[in-house]
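Written out below as structure tokens is the structure these notes cover.
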Amino acid sequence: MTTKEQIVENWLPRYTGTAVEDFGNYILLTNFGNYVTMFAEKFNVEVKGQGRAMQTATAKDITIINFGMGSPMAATVMDLLSAINPKAVLFLGKCGGLKKTQVGDLILPIAAIRGEGTSDDYMPSEIPALPSFRLQSTVSASIAKHKMDYWTGTVYTTNRRIWEHDDSFKEYLRDIRAMAIDMETATIFIVGFANSIPHGALLLVSDNPLVPEGVKTEESDKKVTTNYVKMHLEIGIESLTELARSGASVKHLRFEN
């Protein structure tokens, strides 16, 4: 294999246990196996890729993928998805809230700050990490249909998983006025842009890590899963279903990479 096209066409099935032709045109990305399980149970379809790096389930032209955690894996899945040239990719991630957010709130990011480093291998650092407007607009409308609200703003993406003890880093997060912190969003935006894949994100606030009592624990994470994950997934499914139904292109007519 000498070209990127040959590599990703071979590696996408290898990572996921799913044939290229079996993927839907619309992709949901997640870091959690239970999202894939819930999707599969909702549509009574098989979970593929058990024992592989990534698991998938497909129904109604939508494929959900659990790609793991962190910016390197986020970059990997966005590169692999260039094998199928999806019409839209929506990341359903969890994040730490950094302002007035409460656990269970939704954040629809308008941009991401590239603090993770991985995206620097794809685009110069001065290029902003932005979502596709049409996709974020559709997600916004889906949230409104449920008579729910959401926060908007920037999310800081980092490679550091354990930083909650670092007071200087926490002060930096306050200074940059970020709404949330995660480990994938900026990477997905930049690598999606590099691969000409329309992309967006809907983040679920799972903890408030700037205060000691807000740091995620196993018990608190179980409460988030019990109370909020189902709606998070439903909004993602409805958003991509609406795009598929309308036939509208997410990619701007003058999109260039």
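What the sequence shown shows, in the UniProt record's numbering, is residues 1 to 257, in sequence order. For glycine and all other residues, C-beta sits at the position ideal for the given N, C-alpha and C. Since the structure is predicted, the reported quantities are computational estimates derived from the model, not experimental observations.
Does Val250 pass the burial test, meaning 16 or more other C-beta atoms within 10 Å, or should it be called exposed? buried
Spatial neighbours of Ala59 within its chain, please: C-beta separation below 6 Å, excluding the five flanking residues on both sides. Phe43, Val45
Since I believe Pro209 is in contact with Glu164 (beta carbons under 8 Å), could you give me their beta-carbon distance rounded to a whole number of angstroms? 5 Å
Is it the case that the stretch 107-124 contacts the stretch 171-191, given that we only count it when at least three CB pairs across the two stretches are under 8 Å? yes
Please go through the stretch 112-181 and give each complete alpha helix (DSSP H) segment of 4 or more residues, from N-terminal end onward. 133-145, 167-175
How many Å lie between Met123 and Met148 at the Cα? 35 Å
Return the chain-ordered list of same chain residues with a C-beta closer than 6 Å to the C-beta of Ile190, the five sequence neighbours on each side being excluded. Ser119, Tyr122, Met123, Ala129
Have a look at Pro72, Phe39, Ser82 and flag the residue whose alpha-carbon is nearest the alpha-carbon of Ile62. Phe39
Separation of Phe32 from Trp11, as counted between CA atoms: 21 Å
Segments assigned alpha helix (DSSP H), at least 4 residues, entirely inside the stretch 203-228: 218-227
Using C-beta distances below 6 Å, list every residue in its chain close to Arg134, excluding the 5 sequence neighbours before and after it, in chain order. Val250
Can you round the beta-carbon distance between Leu106 and Ile27 to whole angstroms, since I take them to be within the 8 Å contact cut? Actually they do not touch by this definition, with Cβ atoms about 20 Å apart.
Helix, strand or coil: how does DSSP classify Asn66 here? strand
Within 10 Å of its beta-carbon, does Val20 have 16 or more other beta-carbons around it, so buried, or fewer, so exposed? exposed
Status (buried if at least 16 other CB within 10 Å, exposed otherwise) for Ala201: buried
Run the CB neighbour count on Asn34, radius 10 Å, all protein chains shown included, and call it buried at 16 or more, exposed below. exposed
Would you call the stretch 212-230 and the stretch 67-76 touching, i.e. three or more CB-CB distances under 8 Å? no
With burial defined as no fewer than 16 other Cβ atoms inside 10 Å of the residue's Cβ, what is the status of Lys48: buried or exposed? buried
Beta-carbon proximity check, Thr138 vs Glu234, cutoff 9 Å: no
Quick one: what's got a C-beta closer than 8 Å to Phe169's C-beta in the same chain, skipping five residues either side? Arg160, Trp163
What distance in whole Å lies between the Cβ atoms of Asp207 and Gly96, which are believed to be in contact at a cut-off of 8 Å? 5 Å
Per-residue burial, Asp175 [other beta carbons within 10 Å of its own, 16 or more giving buried]: exposed
How would you call Met54, buried or exposed, if buried means at least 16 neighbouring beta carbons within 10 angstroms? buried
Assuming the contact rule is C-beta atoms closer than 8 Å, Leu238 and Ser142 should be a hit. Round their C-beta distance to whole Å, please. Per the sequence shown, residue 238 should be read as Glu rather than Leu. Indeed, because the Cβ distance is near 5 Å, the residues count as touching under 8 Å.
Tell me the residue span of the beta strand (DSSP E) that contains Ile84. Taken as a continuous stretch (DSSP letters only), Ile84 belongs to no beta strand (DSSP E), as it is neither H nor E.
What are the uninterrupted segments assigned as beta strand (DSSP E) that are 3 or more residues long and contained completely in the stretch 9-50, given in chain order? 26-30
Enclosing alpha helix (DSSP H) for Gly192 [first to last residue]: 185-194
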